[in-house]
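Chemist: Can you read through this structure? Questions will come right after.
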Amino acid sequence: MSHILLITSSPRAESYSTRVARALADKLAGRNANSSITVRDLTHEPLPHIDDTFAAARNLAPENLTPRQKAALSLSDKLLQELFAADTIVIAAGMINFGIPSSLKAYIDYVLRPGVTFRYTEKGPEGLVKGKKVYLVLARGGVYTQGPMQRLNFQDPYLRASLGFIGLTDIETITVEGVAFGAEAAEKAFAAALAQVSSIAA
């Protein structure tokens, strides 16, 4: 049985990243009759930003938590259950001001938990979320994979660093970029991304 976690975060109703990511998740699930998909829609079900109670609670042993601190960690626990249960993770994100949507940043703040998804050892930090495949589906108005704008791309470098820190290092990227350069350019980029989806799922 294969379980896919689909995380969407674009604020756009007809987001290219969401459309391509859903197509990928559906095709991956279609390869196995026993596959299932859990959707975490961060736009329609946004997460509250972490607060001081959460920041303190994440560093405490369970037996030392107050009822309020336990409640603060409960949402994080639910997100982590979804993450650990997945064999494959598909993350969709549009570029917002050179980075990821704040909704996705909030998600990352909840799942980077010391002692749960990473730990510090004598050899340095060790990620504890292992053996999973990750697909990043990223949409951008401009072109950031090359050229003068590449230096302003903090989208996939940040995601790769954050995910790698917790052990998710098998990452493949599908990029839909240049969609702000007119309808023809957008459709061409969208078609190329869907072709990559078909190649991956074949």
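The opening residue of the sequence shown carries number 272 in the working numbering; numbering runs sequentially from there. Using N, Cα and C, we set each Cβ at its ideal position, and we do this for glycine too. None of the values given here were measured: they were computed from a predicted structure.
(1) If you run the structure through DSSP and keep just helix, strand and coil, what is glutamate 458?
(2) Using only the alpha-carbon positions, how far apart do isoleucine 437 and threonine 289 sit?
(3) Could you compute how far the alpha carbon of leucine 423 sits from the alpha carbon of valine 382?
(4) If you run the structure through DSSP and keep just helix, strand and coil, what is alanine 472?
(5) If you compare alpha carbons, which of Ala343, Pro333, His315 is closest to alanine 326?
(6) Just grab the DSSP bridge partners of isoleucine 442 for me.
(7) Just to confirm the assignment: which complete beta strand (DSSP E) runs, minimum length 3, are found wholly within the region 279–344?
(8) Using a threshold of 8 Å, state whether the C-beta atoms of valine 474 and alanine 356 are closer than that.
(9) What residue range is occupied by the uninterrupted beta strand (DSSP E) comprising arginine 422?
(10) Per DSSP, which one or two residues make a beta bridge with alanine 410?
(11) Using only the alpha-carbon positions, how far apart do arginine 431 and asparagine 335 sit?
(12) When you compare the CB positions of phenylalanine 425 and glycine 365, do they come within less than 8 Å of one another, or not?
(13) Do serine 374 and serine 433 have their C-beta atoms closer together than 8 Å?
(14) Between tyrosine 233 and alanine 451, what straight-line distance do the alpha-carbon atoms span, to the nearest angstrom?
(15) From alanine 473 to proline 319, what distance separates their C-alpha atoms?
(16) In this structure, how does DSSP classify isoleucine 379 when only helix, strand and coil are distinguished?
Modeler: Quick look at the numbers:
(1) helix
(2) 24 Å
(3) 26 Å
(4) helix
(5) Ala343
(6) Val405
(7) 307–312
(8) The structure shown does not extend to residue 474, since the chain is modelled only from 272 to 473, so the question has no answer here.
(9) No beta strand (DSSP E) holds arginine 422; DSSP gives it neither H nor E.
(10) Gly365, Val447
(11) 33 Å
(12) no
(13) no
(14) The chain is shown from 272 up to 473; residue 233 falls before or after that span and cannot be answered.
(15) 38 Å
(16) helix
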